[in-house]
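What the sequence shown shows, in mature numbering (1 follows the signal peptide of the UniProt record, and there is no 0), is residues -23 to -1, 1 to 109, in sequence order. Cβ atoms here follow ideal geometry from the backbone N, Cα and C, with glycine treated the same way. For reference, the structure discussed in these notes is given below.
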Amino acid sequence: MVKSILYSGILCILLGYITVSSSEPYEDLFHVADNNNDTFLTSTECKNLWLIFDGDDDKIISKLEFEIRWTFLNLAHREHAPVFFEQLDRNLDKIADAKEIKRICTYFDDDGDGFVSKFEYDLNWKGIFSVE
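See below:
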């Protein structure tokens, strides 16, 4: 499942097209993970969005995997990827495991309804991963 999401996202990026009219690579991650295109991520879809950063498909995101994927996906402020990783890796053990991925999904779900809307995603992504 995660591999198909990853390959779909990579294919879109490599071919230079996006299935949805988005302007930023972080938005593409949302649309790739949103399997049913309802503009809401279920807990599984949210988990799979973050697992796009899991290079070896072991369901754990290492700091190195995160930094490499951040750069490869052309996400903004790549020089800050190590610091951004700390938003996932709250215990600073250099890996983001299932518990930490669940925590970030819960954090993105501002209204607590069990879904991450596109609005919640955009708001939280920009709040966490922007540098001014």
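Of the candidates 79, 101, 100 and 99, 79 places its Cα closest to the Cα of residue 91. Looking at the backbone, the Cα of residue 6 and that of residue 76 are separated by about 21 Å. Contact check for residue 65 and residue 81: beta-carbon distance about 6 Å, within the 8 Å limit, so the pair qualifies. By the criterion of a C-beta distance shorter than 6 Å, residue 46 is surrounded in its chain by 30, once the five residues flanking it on both sides are discounted. Looking only at 74, 20 and 1, the smallest Cα-Cα distance to residue 89 is reached by 20.
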